[in-house]
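A.B. asks: Structure provided below as structure tokens; questions to follow.
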Amino acid sequence: MSELLQKLQWRYATKQMDPSKAVPAEKVERILEAIRLSASSSGLQPYEVIVVTNPQVREQIKPHAWNQGQITDCSHLLVFAAWDNYTADRINMMFDLVNEVRGFKNEGWENYRQMLLGNYPPRDAETNYQHAARQAYIGLGSALIAAAYEGVDSTPMEGFDPAKVDEILKLRERGLRSVILLPLGYRAAEGDWLVNLKKVRRAKDKFITEVK
């Protein structure tokens, strides 16, 4: 655990990345696997991760992300995209997958399926999207920790135009909406104003409350 905490102390929201340095494929795969293994409400995994390495596509995205250099200078750009709605097909797909992998049906689990089918699809699409987007943030947290553990820099970004990114990546046609961007790469230490500044976090006693 001490090693992990040291890695988390090392990580920061990298402001400038070195475009000449690529993250090895095996490191990227482990980061993506950490995201895939993340928790999600009811185990539905209501989001996907799009890995953008195409330079032309990233150039298209950049002006719609406040022209932040990490978009084009990073090694891999991860786009977290949530389901635009909960549908019966999507819910059934995940429950059927559980039954297939586990090799049996559980009555309580099937009752839970029916409860979700009765509650989620009737809700308005925006409410469902917002719920799905919150699950994507759980995956983002896993990605940040996994990247730090791998010695890979990252920068979570909400500063972008989701509608434009959706259009560029044709996400709406897939029933997805972009939530957050995560460039992965390696810091360009000489040009990054934040790299040598101390990490600042609230004191533990001001941040954590114990109820005994």
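Heads up: the sequence shown begins at 916 in the numbering used here, then just goes up one per residue.
Don't be surprised by glycine CBs; every beta carbon is placed ideally from N, CA and C.
Quick check for students: name the residue ranges of the alpha helix (DSSP H) that lie wholly in the segment 1019 to 1089, counting only runs of 4 or more.
C.D. replies: DSSP runs (the alpha helix (DSSP H)) wholly in the segment 1019 to 1089: 1022 to 1034, 1040 to 1064 and 1077 to 1084.
A.B. asks: Thinking C-alpha only, which one of 1093, 941 and 1124 is nearest residue 1140?
C.D. replies: For residue 1140 there is no data in the structure shown, the boundaries of the chain being 916 and 1127.
A.B. asks: Relative to the C-alpha of residue 1013, which residue among 1002, 968 and 1025 is closest?
C.D. replies: Position 98 of the sequence shown, counted from the first residue, corresponds to residue 1013. Among 1002, 968 and 1025, the Cα nearest to that of residue 1013 is on 1025.
A.B. asks: Report whether the distance from the Cβ of residue 1122 to the nearest heavy atom of the ligand SAH is below 7 Å.
C.D. replies: Summarising the ligand content, the structure contains no ligands, and the ligand SAH is consequently not present.
A.B. asks: Whole angstroms is fine: what's the gap from residue 1048's alpha carbon to residue 999's?
C.D. replies: Counting from one through the sequence shown, the residue named residue 1048 turns up at place 133. Counting from one through the sequence shown, the residue named residue 999 turns up at place 84. Using only the alpha carbons, I get a separation of about 9 Å.
A.B. asks: Pull up the distance between the alpha-carbon of residue 1078 and that of residue 1040, whole angstroms please.
C.D. replies: Taking the sequence shown and counting its residues from 1, one reaches residue 1078 at position 163. Taking the sequence shown and counting its residues from 1, one reaches residue 1040 at position 125. So the two alpha carbons sit approximately 16 Å from each other.
A.B. asks: Which residues mark the beginning and the end of the alpha helix (DSSP H) in which residue 918 is found?
C.D. replies: Counted from its first residue, the sequence shown places residue 918 at position 3. Where residue 918 is concerned, the enclosing alpha helix (DSSP H) stretches over 917 to 925.
A.B. asks: How close, in whole Å, do the beta carbons of residue 957 and residue 1031 come, if the pair is a contact with beta carbons under 8 Å?
C.D. replies: For the purposes of this step, residue 957 is identified with residue 42 of the sequence shown, where counting begins at 1. For the purposes of this step, residue 1031 is identified with residue 116 of the sequence shown, where counting begins at 1. Sure, about 6 Å apart at Cβ, within 8 Å.
A.B. asks: How many whole angstroms separate the CB atoms of residue 984 and residue 931, which I take to be in contact at a CB cut-off of 8 Å?
C.D. replies: Looking up residue 984 in the sequence shown gives position 69. Looking up residue 931 in the sequence shown gives position 16. Going by Cβ atoms, the distance from residue 984 to residue 931 rounds to 6 Å, so yes, they are a contact pair.
A.B. asks: Using only CA atoms, which one of 962, 942, 929 and 1095 lies nearest to residue 1061?
C.D. replies: Against the sequence shown, residue 1061 aligns to sequence position 146. Selected option, being the one with the closest Cα: 942.
A.B. asks: When DSSP builds the beta bridges, which residues end up paired with residue 948?
C.D. replies: Stepping through the sequence shown from its first residue, residue 948 is reached at position 33. Its beta-bridge partners do not exist; DSSP assigns none.
A.B. asks: Rounded to whole angstroms, how far is the Cβ of residue 972 from the Cβ of residue 1083, which I believe are closer than 8 Å?
C.D. replies: Sequence index remark: in the sequence shown, residue 972 carries index 57 (1-based). Sequence index remark: in the sequence shown, residue 1083 carries index 168 (1-based). Right, the Cβ-Cβ distance comes to about 7 Å (below 8 Å), so this counts as a contact.
A.B. asks: Would you give the residue range spanned by the beta strand (DSSP E) that residue 965 belongs to?
C.D. replies: For this step, residue 965 is matched to residue 50 along the sequence shown. Start and end: 962 to 967.
A.B. asks: Just to confirm, is the Cβ distance from residue 1099 to residue 995 under 8 Å?
C.D. replies: Walking along the sequence shown from the start, residue 1099 turns up at place 184. Walking along the sequence shown from the start, residue 995 turns up at place 80. No, the Cβ-Cβ distance between residue 1099 and residue 995 is not below 8 Å.
A.B. asks: Could you check whether residue 968 and residue 1102 sit closer than 8 Å to each other, using their CB atoms as the reference points?
C.D. replies: The residue you call residue 1102 lines up with position 187 of the sequence shown. The residue you call residue 968 lines up with position 53 of the sequence shown. No, Cβ-Cβ distance for residue 1102 and residue 968 is not below 8 Å.
A.B. asks: For residue 953 versus residue 1057, is the C-beta spacing smaller than 8 Å?
C.D. replies: Reading the sequence shown from its first residue, position 38 is the one you call residue 953. Reading the sequence shown from its first residue, position 142 is the one you call residue 1057. For residue 953 and residue 1057, yes; Cβs fall inside 8 Å.
A.B. asks: Tell me whether the beta-carbon of residue 927 lies closer than 8 Å to the beta-carbon of residue 1119.
C.D. replies: Stepping through the sequence shown from its first residue, residue 927 is reached at position 12. Stepping through the sequence shown from its first residue, residue 1119 is reached at position 204. Taking 8 Å as the Cβ cut-off, residue 927 and residue 1119 do not qualify as a contacting pair.
A.B. asks: Could you tell me the boundaries of the alpha helix (DSSP H) in which residue 1097 lies?
C.D. replies: For the purposes of this step, residue 1097 is taken as the residue at position 182 of the sequence shown. Premise fails: residue 1097 lies in the beta strand (DSSP E), 1091 to 1100, not in any alpha helix (DSSP H).
A.B. asks: Quick check: what's the CA-CA separation for residue 884 versus residue 1034?
C.D. replies: Because the chain is modelled from 916 through 1127, residue 884 falls outside the range shown and cannot be assessed.
A.B. asks: How should residue 1080 be labelled, buried or exposed, when 16 other C-beta atoms within 10 angstroms of its C-beta is the threshold for buried?
C.D. replies: Residue mapping note: residue 1080 aligns to position 165 of the sequence shown, counting from 1. Classification for residue 1080: buried.
A.B. asks: Exposed or buried, residue 1199, counting other C-beta atoms within 10 Å across all chains shown (16 or more means buried)?
C.D. replies: This structure does not reach residue 1199, given that the chain is present from 916 up to 1127, and the question cannot be answered.
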